[in-house]
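Participant: Residues in the sequence shown are numbered from 4 upward in steps of one, following my numbering. All C-beta atoms in this analysis are idealised placements derived from N, C-alpha and C, irrespective of residue type, glycine included. Quantities reported herein were computed from a predicted structural model and do not represent experimental measurements. Here it is, the structure, as structure tokens.
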Amino acid sequence: MDLNDLALFAHVVERGSFTAAAKAMALPKSSVTRGIARLERTLGVRLIQRTTRQRGITDAGRELYERVRGAVAALEEASDAVRTHGRAPAGVVRVTAPSDSWTMGLPEALAELRTRWPQIHVELIVTTRIVDLVAEGVDLAIRAGKLADSSLIATRVGASNAALFASKAYVGKHGPPSKLADLADHACILFRGHQGRGTWSLQGPRGGQTIAITGVASTDDYWISAKLVAEDVGIGLLPMFIAHRHGGLERVLPTYVMPGEPIHVVMPSGSYVPARVTAVRDQLVAYLSRRLKVCERAVGS
4 MDLNDLALFA HVVERGSFTA AAKAMALPKS SVTRGIARLE RTLGVRLIQR TTRQRGITDA
64 GRELYERVRG AVAALEEASD AVRTHGRAPA GVVRVTAPSD SWTMGLPEAL AELRTRWPQI
124 HVELIVTTRI VDLVAEGVDL AIRAGKLADS SLIATRVGAS NAALFASKAY VGKHGPPSKL
184 ADLADHACIL FRGHQGRGTW SLQGPRGGQT IAITGVASTD DYWISAKLVA EDVGIGLLPM
244 FIAHRHGGLE RVLPTYVMPG EPIHVVMPSG SYVPARVTAV RDQLVAYLSR RLKVCERAVG
304 S
């Protein structure tokens with residue numbers, strides 16, 4: 004039995020298709036197809052169904068994968084470690100991130116990575132959709148919110164905690180609210196409001212409180228919300244890292260905060276992680292964690 008064919012088989016199962024496995028391994032699809040066919044001839048069983056009516060792993064294929072996946076991953080990891088021993092991590096790492104990730108410091112994190120590991124090339128995919136990491140051959144993702152896929156290996160870097168902000172000019176003209184109920188008398192910027200109305204759920208001295216808000220403007224983009232706040236339009240509930248990035252905003256009702264969604268750096272698997280991927284993951288986790296803490300301290304009062 005050819006161990007290379009076993010590795011091909013494991014990648015096909017993990018990636019879900021011959022095409023995705025070939026892309027991940029930088030091989031022609033025909034090489035992957037021939038390798039699987041050769042393994043099936045050696046074992047005398049069909050491992051993967053590939054008819055026009057049925058595609059997927061067979062029972063025999065599933066049993067083989069469960070028995071060999073750990074060994075294959077260990078061999079690949081050992082080979083990679085020996086191959087890169089004494090050398091700096093190098094190669095392409097594909098990363099996907101949401102469009103607003105620049106506000107939490109992603110460009111600076113990658114610039115710092117470039118200084119430390121110049122031979123790593125990051126291919127950044129910025130998109131609002133949830134990328135299938137396995138199917139699309141992506142190594143890492145920055146994700147905000149609850150993770151729907153429990154198979155992902157996730158490292159938490161912080162949370163998108165939000166607070167209330169206004170411009171200095173707005174506060175100078177209208178005065179700051181002294182209690183939560185005062186927001187009813189202020190112009191407010193809503194995030195995804197409905198027909199000019201919304202609710203803000205905040206944690207404060209009295210625990211959790213929810214207040215109904217009438218807005219003078221509504222948007223589904225936090226950066227535009229911050230811009231409207233900076234232009235003296237009203238008070239906005241903004242993630243702290245966005246308010247810090249925008250600059251010049253004043254926090255009002257500083258004892259209130261809206262706990263945000265968790266932010267993670269995720270990868271599709273914890274087995275056989277190349278050194279270049281580990282380097283990028285560690286850099287993103289360290290930098291983004293530090294950046295989010297700095298932002299919260301800077302706008303904390």
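What do you reckon, are the CB atoms on M28 and N164 nearer than 8 Å?
Facilitator: No; because the gap between Cβ atoms is not below 8 Å, this pair is not in contact.
Participant: Where are the beta strand (DSSP E) runs, 3 residues long or more, that stay fully inside the stretch 256-296, in chain order?
Facilitator: Qualifying beta strand (DSSP E) stretches, in chain order: 265-270.
Participant: Cβ atoms of G239 and I216: under 8 Å apart, would you say?
Facilitator: Taking 8 Å as the Cβ cut-off, I216 and G239 do not qualify as a contacting pair.
Participant: Assuming V268 and V160 make a contact with CB atoms under 8 Å, what is their CB distance in whole Å?
Facilitator: Their Cβ separation, rounded to whole angstroms, is 6 Å, which keeps V268 and V160 in contact under 8 Å.
Participant: Hey, T99 and A144: beta-carbon distance below 8 Å or not?
Facilitator: Result yes, Cβ atoms of T99 and A144 sit closer than 8 Å.
Participant: Report all residues from its chain with a CB closer than 6 Å to the CB of L116; omit the five preceding and five following residues, and keep chain order.
Facilitator: Q286.
Participant: Quick check: what's the CA-CA separation for A301 versus R294?
Facilitator: Looking at the two C-alpha atoms, the distance is approximately 11 Å.
Participant: May I ask you to report which of helix, strand or coil DSSP gives T106?
Facilitator: In the structure shown, T106 sits in a helix (DSSP, three-state: H, G or I).
Participant: V298 and M243: beta carbons closer than 8 Å?
Facilitator: Residue identity differs from the one stated: residue 298 is Cys in this sequence, not Val. For C298 and M243, yes; Cβs fall inside 8 Å.
Participant: Should G148 go down as buried or exposed, given a rule of 16 or more other Cβ atoms within 10 Å for buried?
Facilitator: Classification of G148: exposed, given that the 10 Å Cβ count is below 16.
Participant: Measuring CA to CA, which of P277, V288, P265 and L256 is closest to G303?
Facilitator: G303 has its Cα closest to that of L256, out of P277, V288, P265 and L256.
Participant: Quick check on this structure: which residue in L11, S104 and V129 has the alpha carbon closest to the alpha carbon of V71?
Facilitator: Among L11, S104 and V129, the Cα nearest to that of V71 belongs to L11.
Participant: Please determine if the stretch 207-216 and the stretch 62-82 are in contact, where contact requires at least 3 C-beta pairs separated by less than 8 Å.
Facilitator: Verdict: no, contact absent.
Participant: Could you pull the start and end residues of the alpha helix (DSSP H) that T22 belongs to?
Facilitator: Residues F21 to M28.
Participant: Is P92 closer than 8 Å to A289 when the C-beta atoms are compared?
Facilitator: Against a cut-off of 8 Å, the Cβ pair of P92 and A289 comes out as no contact.
Participant: Terminal residues of the continuous alpha helix (DSSP H) containing T36?
Facilitator: T36 -> alpha helix (DSSP H) spans K32 to L46.
Participant: How many Å lie between S102 and A63 at the Cα?
Facilitator: Near 43 Å, if we compare the C-alpha coordinates of A63 and S102.
Participant: Who are the near neighbours of A172 in its chain, counting only those whose CB is closer than 6 Å to its CB and skipping five residues on each side?
Facilitator: Counting only Cβ-Cβ distances below 6 Å, and skipping sequence neighbours, we find D235.
Participant: Where DSSP assigns a beta bridge to P242, which residues make up the other side?
Facilitator: Partner(s): A165.
Participant: Output the boundary residues of the beta strand (DSSP E) element that contains V95.
Facilitator: That run of the beta strand (DSSP E) goes G94 to A100.
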